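A.B. asks:
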Amino acid sequence: MKASRRDFIKISSLGMGGALVSGALFNFTKGSILSDTFQASDSFTRTPTYCEVCFWKCAGWVYKNDQGDIWKIIGNDDDPHCNGRFCPRGTGGVGMYYDEDRLKTPLIRREIGGKQVYEEATWEEALDHIALNLKKVIDKHGPECMALFTHGSGGKFFGDFLKALGSNNITAPSFAQCRGPREVAFLATFGEIISSPERIDIRDTRCLVLIGSHLGENMHNGQVQEMSDAIDKGASIITVDPRYSTAASKSNFWMPIKPATDMALLLAWMNVIINEGWYDKEYVEKYTYGFEQLKAHVQSFTPEWAYGITSLEPEQIRATAKEMADAAPAVIIHPGRHVTWYGDDTQRLRAVAILNALLGSWGRRGGYYNPEKIALPSWPHPPYPEPKRTWRDANPGKYNLAIEVVSNGVCDATIPSPDRDCNFKAWIVNGTNLITTLPDQKKTLEAIQNLEFMVVIDTMPMEITGYADVALPECTYLERYDYARNSEHREPNIALRMPATEPKYNTKPDWWIVKQLAKRMGVEDYFSWNDIEELLDWQFRQVGTSLEEMKRIGVKKFPRKYDDLYFHEGQDVYFNTNTGKIELYSTDLLAEGFDPMPVYTAHEEPPNGFYRLNYGRAPMHTFSRTSNNPLLHDLMDENNLWVNPRVGREWGLHNGQEVWLENQDGALSTFPVKVRLTERIRFDSVYMVHGFGHNNKQLTRTHGRGASDTEMITNVKTDPIMGGTGMRSNFVTFRVENPHKEEVTS
Amino acid sequence: MRYAMAIDTKKCVGCSDCVVACQTENNVPVGYCRDWIVEVTDGTYPQLELEIRSERCNHCDNSPCVRCCPTGASHYDEGGIVLVDHDMCIGCAACIASCPYDARFTHPDGYVDKCTFCFHRVKKGQQPACVEVCPTKCMYFGDLDDPDSEVSVMLKKRKYKTLVPEAGTKPQVYYLI
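Listed in order, the protein sequences are those of chains E and Z.
According to my numbering, the first sequence is numbered sequentially starting from 1.
According to my numbering, the second sequence is numbered sequentially starting from 1.
Right, dumping it as structure tokens:
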């Protein structure tokens with residue numbers, strides 16, 4: 001058997017400094033993270049931060065007690081992302097700092113006695129080792145063979161580093177594994193993307209339509225707050241979901257659609273809205289291109305036609321279309337966020353965009369507003385070298401409409417293939433656990449085996465760290481500075497993150513790591529600031545504030561430069577599309593050889609005895625990154641498998657019973673998951689929360705708790721338009737006996 | 001003065017932020033909680049209803065826990081808030097058995113613990129931590145004796161219920177339905 005070049009190494013396998021370095025663990029059985037004298041004193045110090053537990057990046061204040069320990073984090077009242085109220089993950093962010101399983105010191109992969117192990121290293125040694133190996137890769141293959149995978153604020157420094165070295169292969173799974181299709185679809189339609197936080201005016205909407213979007217279970221803070229405000233104001237909510245989600249339970253209309261048929265519903269809605277004359281005629285006339293083609297196109301997509309596909313009553317389809325039209329233009333057909341489902345996702349999101357255009361909600365109060373941000377200048381640096389090749393050259397002819405680097409495209413192009421002249425040779429991975437982020441784990445692991453060098457920078461021993469050549473422990477967001485958050489919102493605003501305390505263990509902030517690496521790689525000119533305080537202060541002074549002021553206020557709002565939050569009555573608007581109009585008929589898609597208007601495609605159905613695997617979020621967890629956080633783990637310590645009681649009876653399953661999952665390709669879940677029999681799920685699908693079933697034992701709290709949905713996602717439907725990985729054509733069945741037990745009969 | 005809380009079940013999404021905010025604010029040991037989420041599903045697919053409630057001590061007007069406490073540790077404090085004096089508590093757990101809401105637990109340090117309506121904050125004119133943090137703003141806290149307080153206004157405006165009213169405890173946490 002060929003030995004693997006890169007065995008998975010448990011972080012603790014050698015010299016186990018990891019665990020031993022930690023002197024000052026707090027005692028969980030006794031409880032107190034914090035000193036219990038807090039009530040005695042009002043002399044708390046507070047420092048500003050913005051949250052790093054998810055991508056919403058709410059700004060808040062970190063409070064310490066009079067022992068100097070981090071006590072709690074409270075939202076900043078001036079922050080439009082959170083309005084002074086953090087979500088459970090942000091509130092529980094304290095646990096990230098106190099988690100005793102954190103990466104504690106740099107680790108270098110060594111081969112000792114034929115066994116691959118991690119050796120603890122000083123920062124000096126680790127950084128020298130990285131610089132030496134990256135130089136080797138660059139000398140042999142060129143800088144373009146390096147790629148950065150990142151999710152989070154610290155990644156920006158690594159991005160600058162990569163660009164300085166001559167590579168622009170900087171990718172985040174948040175594009176091709178998440179919101180990419182909607183950005184490409186809205187760009188093709190309105191000439192602008194949705195971005196984050198979403199530019200939707202839920203606060204003032206009269207009708208919010210959620211298609212598989214489970215607001216409230218996904219705690220996209222500002223949106224959940226505004227949904228609550230909208231409920232207060234009597235807005236109507238329409239939820240399309242095969243599962244009775246929390247949002248569905250708050251809705252005036254719940255449409256329990258057959259999974260994978262959303263496109264048929266969207267087309268039927270267009271049919272009704274156009275044929276009944278319920279669209280915004282003046283808006284469509286003035287601003288859109290291709291209405292007549294669209295009208296002809298949707299004629300056959302009647303509610304009766306959709307009924308046979310979606311199982312939704314034609315009357316409900318008509319009634320909900322009327323509900324939207326009555327609310328227009330204060331209506332939002334929500335663009336969703338994680339929308340990589342079936343491989344025709346850009347087209348489905350095009351249908352969403354078109355519906356919004358028909359109802360005239362783009363650019364209108366209660367629909368989609370026009371966000372604004374300030375220009376925060378970058379620290380002056382020499383021009384970046386022009387890369388000779390990009391990720392696109394490694395994926396010739398593919399995903400031409402992708403507007404960001406496609407992470408699965410980089411992963412694919414790391415596996416050698418005769419039809420490609422170059423492969424990626426080195427990865428830098430920061431704050432994203434690619435093992436659970438990218439679907440098709442086998443492929444991810446194959447790509448990793450083909451790398452010459454991989455560095456992982458993380459706060460926790462996530463699975464990906466076990467495959468690294470060097471694992472670097474970054475300190476948590478509570479212990480570091482980062483670039484300021486510069487957000488696009490109704491009002492432009494910036495937020496400061498500063499350390500509330502010294503880094504625990506032997507951990508370092510990303511800005512420091514990058515500056516050290518830059519020096520070793522000869523690109524220090526790009527990072528000519530002395531330290532991050534100098535960098536931030538300089539940036540702040542360019543926009544009329546200072547680090548000193550930002551430390552005091554945390555968030556600074558700026559007046560809008562332009563009075564264009566919404567369109568003005570009768571205003572002429574130029575849209576950034578080929579026709580200068582909102583394109584109901586997409587000239588861009590046509591030019592690339594795709595359908596200029598969305599069509600319905602039937603997707604794969606579960607084989608007999610299998611159920612479509614749907615997955616989603618829980619409000620107290622982010623991806624797979626929080627399940628070991630002591631506070632958040634305490635709120636939800638495992639996922640379970642939602643099964644309709646009818647299905648449960650057929651299989652003789654009972655509540656709480658552990659089952660292993662097997663998918664259509666024979667993939668087995670490593671761990672069992674507990675069955676939750678609930679009427680809240682359709683009979684043809686099952687549901688689980690993403691991010692559990694960790695198999696790294698160093699995540700002591702969460703290891704083996706619940707099952708991993710990613711393990712079951714082996715059938716990936718790639719969106720040909722932008723490379724998104726459709727993950728919802730996977731089907732699972734139940735194994736009540738442990739399939740991993742070895743049984744030998746002789 | 002009569003402190004009370006009203007919680008809007010139409011807005012609560014059950015995110016548990018109130019739980020973790022209470023834990024950090026009040027230094028509640030990991031593994032314990034003073035407030036918690038209950039989800040009640042009714043019906044069969046697709047005719048369903050879901051009620052989500054953030055629950056805690058009801059600070060009852062007629063509290064069985066105060067009545068049965070042998071040492072007087074459990075007592076009514078300002079505004080009717082029910083508190084446990086940790087130093088007087090002998091951990092006998094009679095109150096735990098008497099509470100129809102299962103709102104009390106024995107702290108690892110030996111005394112009985114539960115929600116205090118964040119008395120230490122309320123005294124300073126602040127809101128309880130759970131109310132202050134709630135992203136859906138579904139919780140209202142204040143003085144029922146003041147007709148203009150948010151909680152009084154909400155109870156006038158909306159239909160509401162209390163939990164286990166048949167126990168006769170006169171609970172002071174109201175659920176807007």
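Ideal Cβ placement from N, Cα and C applies to all residues, glycine included.
Model, not experiment: these values are computed from the prediction.
#1: For S378(E), count neighbouring C-beta atoms within 10 Å of its own C-beta (all shown protein chains included) and say buried if the count is 16 or more, exposed if not.
#2: Using a Cβ-Cβ distance under 7 Å, would H740(E) count as near chain Z?
#3: Distance cutoff 7 Å, beta carbons only. Does I7(Z) sit that close to anything in chain E?
#4: Against chain E, with Cβ distances strictly below 7 Å, would V152(Z) count as a contact?
#5: Return the residue from the list L155(Z), E166(Z), P165(Z) and L163(Z) that minimises the CA-CA distance to A6(Z).
#6: Does M1(Z) pass the burial test, meaning 16 or more other C-beta atoms within 10 Å, or should it be called exposed?
#7: If you follow the alpha helix (DSSP H) that H75(Z) is in, where does it begin and where does it stop?
#8: Mind listing the chain Z neighbours of R203(E)? Cutoff is C-beta to C-beta under 9 Å, in chain order.
#9: Between the beta-carbon of G93(E) and the beta-carbon of A402(E), is there less than 7 Å?
#10: Does D260(Z) come within less than 7 Å of chain E when only Cβ atoms are used?
#11: Restricting to Cα atoms, I'd like to know which of T150(E), A268(E) and A327(E) is closest to L312(E).
#12: Can a CB atom of chain E be found closer than 7 Å to the CB of L115(Z)?
#13: Do the CB positions of R348(E) and M263(E) come within less than 7 Å of each other?
#14: Should the region 515-530 of chain E be called in touch with the region 111-120 of chain E, which here means at least 3 C-beta pairs below 8 Å?
#15: Comparing the C-beta of V30(Z) with each C-beta of chain E, is any distance below 7 Å?
#16: Are at least three pairs of beta-carbons, each pair with one atom in the region 70-80 of chain E and one in the region 439-450 of chain E, less than 8 Å apart?
#17: Alpha carbon to alpha carbon, how far is R104(Z) from C95(Z)?
#18: Taking the alpha-carbon of E292(E) as reference, which of I309(E), N271(E) and W305(E) has the nearest alpha-carbon?
#19: Is the Cβ of P46(Z) closer than 7 Å to any Cβ of chain E?
#20: Whole angstroms is fine: what's the gap from S22(E)'s alpha carbon to Q67(E)'s?
#21: Who are the near neighbours of L14(E) in its chain, counting only those whose CB is closer than 7 Å to its CB and skipping five residues on each side?
#22: Are N356(E) and I333(E) closer than 7 Å when you measure CB to CB?
#23: If we count the other Cβ atoms within 10 Å of its Cβ and call it buried at 16 or more, is E386(E) buried or exposed?
#24: Cβ atoms of Y140(Z) and E132(Z): under 7 Å apart, would you say?
#25: Following the continuous beta strand (DSSP E) through I237(E), name the residue where it begins and the one where it ends.
#26: Does the beta carbon of R85(E) sit closer than 7 Å to a beta carbon anywhere in chain Z?
#27: Have a look at K504(E) and M96(E) and give me their C-alpha separation to the nearest angstrom.
#28: For P256(E), return the contacting residues in chain Z, with the cut-off set at a CB-CB distance below 8 Å.
#29: Work out the CA separation of A121(E) and P473(E) for me, nearest whole Å.
#30: I want to verify the contact list: residues of chain B whose CB lies under 9 Å from the CB of V38(Z), in sequence order.
#31: Taking all protein chains shown into account, decide if C50(Z) is buried (16 or more other Cβ within 10 angstroms of its Cβ) or exposed.
#32: Measuring only between beta-carbons, confirm whether N11(Z) sits less than 7 Å from chain E.
#33: Round the Cβ separation of V744(E) and V659(E) to the nearest angstrom and send it over; I've been treating them as touching at under 8 Å.
#34: Could you name the residues of the same chain whose beta carbon sits closer than 7 Å to that of I177(Z), not counting the 5 residues immediately before and after it, in chain order?
#35: Less than 7 Å between the C-beta atoms of F610(E) and F734(E), yes or no?
#36: Write down every uninterrupted run of the alpha helix (DSSP H) in the region 121-152 of chain Z whose length is 4 residues or greater and which is fully enclosed by it, in chain order.
C.D. replies: To lay it out plainly:
#1: To locate residue 378(E), count along the first sequence from 1; it is residue 378. Exposed is the call here.
#2: To locate residue 740(E), count along the first sequence from 1; it is residue 740. It does not; no Cβ of chain Z falls within 7 Å.
#3: On the second sequence, position 7 is the one that residue 7(Z) refers to. No, I7(Z) does not count as interfacial toward chain E.
#4: Against the second sequence, residue 152(Z) aligns to sequence position 152. Position check: residue 152(Z) holds Ser in this sequence, whereas Val was assumed. Not closer than 7 Å to any Cβ of chain E, the Cβ of S152(Z) fails to qualify, so no.
#5: Translated into positions along the second sequence, residue 6(Z) becomes position 6. Measuring from the Cα of A6(Z), the nearest candidate turns out to be L155(Z).
#6: Here residue 1(Z) refers to the residue found at position 1 when the second sequence is read from its first residue. The residue in question, M1(Z), is exposed, as its Cβ has fewer than 16 Cβ neighbours within 10 Å.
#7: The sequence position of residue 75(Z) within the second sequence is 75, counting from 1. H75(Z) -> not in any alpha helix (DSSP H); beta strand (DSSP E) instead, spanning S74 to Y76.
#8: For this step, residue 203(E) is matched to residue 203 along the first sequence. Going along chain Z, no residue has its Cβ under 9 Å from R203(E), so there is no contact; the nearest lies around 12 Å.
#9: Residue numbering aside, residue 93(E) sits at position 93 when the first sequence is read from its first letter. Residue numbering aside, residue 402(E) sits at position 402 when the first sequence is read from its first letter. No, the pair does not count as a contact, with Cβ atoms beyond the cut-off.
#10: Absent from the structure is residue 260(Z), since the part of chain Z shown begins at 1 and ends at 177.
#11: As a working mapping, residue 312(E) is identified with position 312 in the first sequence. Nearest option by C-alpha distance: A268(E).
#12: As a working mapping, residue 115(Z) is identified with position 115 in the second sequence. The residue you asked about is not Leu; residue 115(Z) is Cys in the sequence shown. Chain E contact via Cβ: absent.
#13: Along the first sequence, one-based indexing puts residue 348(E) at 348. Along the first sequence, one-based indexing puts residue 263(E) at 263. Yes, these two residues count as a Cβ contact at 7 Å.
#14: no
#15: For this step, residue 30(Z) is matched to residue 30 along the second sequence. At least one chain E Cβ lies under 7 Å of V30(Z).
#16: no
#17: In the second sequence, the residue the question calls residue 104(Z) occupies position 104. In the second sequence, the residue the question calls residue 95(Z) occupies position 95. When rounded, the distance between both Cα atoms is 8 Å.
#18: The count along the first sequence starts at 1 and reaches residue 292(E) at position 292. Of I309(E), N271(E) and W305(E), the residue nearest in Cα terms is N271(E).
#19: Counting from 1 along the second sequence, the entry for residue 46(Z) is found at position 46. Closer than 7 Å to some Cβ of chain E, the Cβ of P46(Z) qualifies, so yes.
#20: Here residue 22(E) corresponds to residue number 22 of the first sequence, with the count starting at 1. Here residue 67(E) corresponds to residue number 67 of the first sequence, with the count starting at 1. Because S22(E) carries a pLDDT of 33, less than 50, the predicted location of this residue cannot be relied on, and the following value inherits that uncertainty. Whole-angstrom Cα-Cα distance: 19 Å.
#21: The count along the first sequence starts at 1 and reaches residue 14(E) at position 14. For L14(E), the predicted structure reports a pLDDT of 45, less than 50, and the residue's modelled location is therefore unreliable. A value from the coordinates is still provided. Taken in chain order, the residues that qualify are V117, Y118 and E119.
#22: As a first step, residue 356(E) is located in the first sequence; it is residue number 356 there, counting from the start. As a first step, residue 333(E) is located in the first sequence; it is residue number 333 there, counting from the start. Contact: yes.
#23: For the purposes of this step, residue 386(E) is identified with residue 386 of the first sequence, where counting begins at 1. E386(E) is exposed by the Cβ-count criterion.
#24: Residue mapping note: residue 132(Z) aligns to position 132 of the second sequence, counting from 1. Residue mapping note: residue 140(Z) aligns to position 140 of the second sequence, counting from 1. Not in contact: E132(Z) and Y140(Z) (Cβ atoms no closer than 7 Å).
#25: As a position in the first sequence, residue 237(E) is number 237, starting the count at 1. Segment S236 to V240, the beta strand (DSSP E) holding I237(E).
#26: As a first step, residue 85(E) is located in the first sequence; it is residue number 85 there, counting from the start. At least one chain Z Cβ lies under 7 Å of R85(E).
#27: Counting from one through the first sequence, the residue named residue 504(E) turns up at place 504. Counting from one through the first sequence, the residue named residue 96(E) turns up at place 96. Their backbone Cα atoms lie some 11 Å apart in a straight line.
#28: The residue labelled residue 256(E) in the question sits at position 256 within the first sequence. Simply Y45 and P46.
#29: Here residue 473(E) is taken as the residue at index 473 of the first sequence, counted from 1. Here residue 121(E) is taken as the residue at index 121 of the first sequence, counted from 1. Spanning the two alpha carbons is a distance of roughly 11 Å.
#30: The structure shown contains no chain B; its protein chains are E and Z.
#31: Sequence index remark: in the second sequence, residue 50(Z) carries index 50 (1-based). Going by the sequence as given, residue 50(Z) is Leu instead of Cys. Burial call: buried.
#32: If you number the second sequence from 1, residue 11(Z) lands on position 11. Reading off the sequence, residue 11(Z) comes out as Lys, not Asn. Interface residue, yes.
#33: As a first step, residue 744(E) is located in the first sequence; it is residue number 744 there, counting from the start. As a first step, residue 659(E) is located in the first sequence; it is residue number 659 there, counting from the start. So it is not a contact: roughly 24 Å between Cβ atoms.
#34: The residue you call residue 177(Z) lines up with position 177 of the second sequence. Closer than 7 Å at Cβ, skipping near neighbours: T9, K159, Y160 and K161.
#35: The residue labelled residue 610(E) in the question sits at position 610 within the first sequence. The residue labelled residue 734(E) in the question sits at position 734 within the first sequence. No, the pair does not count as a contact, with Cβ atoms beyond the cut-off.
#36: 129-133
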